[in-house]
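Mapping of the sequence shown onto this note's numbering: residues 17 to 107, in sequence order.
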Amino acid sequence: MIIFQAQDSMSAISIKNQNHIYDMINDFASKLKITKDQFVLHAIEKYINKYKENKQLLKDINLAYDDIDCSENKEILRCMKKKHKGLLEQW
17 MIIFQAQDSM SAISIKNQNH IYDMINDFAS KLKITKDQFV LHAIEKYINK YKENKQLLKD
77 INLAYDDIDC SENKEILRCM KKKHKGLLEQ W
C-alpha cells in the first residue's frame with residue numbers, strides 16, 4: 017500500500033496482487049539510489065507532465081489543421097483507402 021499525505025488529506029493506493037509492480041518500483045528506486053516514495057512521486061509527476069504535454073500537442077495539431085478545407089482532401093483520402101484496402105487484400 018502506498019500512502020500519500022498532503023496538508024488536508026491522505027490517499028492510499030493498494031498494489032495488492034501487483035507484486036511485479038512493487039518489484040519494479042523497488043528495483044528502479046534501488047538503481048537510482050532513491051527511496052521508493054521518491055521514485056513513485058517522481059513517476060507520478062512525470063506521468064502528469066507528459067499527459068499535459070500530449071494534450072497541448074494534440075490541441076496545437078488540431079489548431080494547425082483547423083483552417084484546412086477538408087473537401088480538398090476527400091479525394092486523396094478515398095484513393096488512400098482504396099490503396100490500403102488493396103494492400104490488405106494481398107495479405
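Beta carbons are placed, not taken as given, at the ideal position from N, Cα and C, and that holds for glycine.
Asked, Found
"Taking only heavy atoms of the ligand ADP into account, decide whether any of them is closer than 8 Å to the Cβ of F55.", "This structure lacks the ligand ADP; in fact it carries no ligand of any kind."
"Could you tell me which uninterrupted alpha helix (DSSP H) segments, each at least 4 residues in length, are contained entirely in the stretch 20 to 63, listed from first to last along the chain?", "35 to 48"
"Just confirm the distance between the C-beta atoms of I41 and F55, as a whole number of angstroms; I'd bet it's less than 8 Å.", "6 Å"
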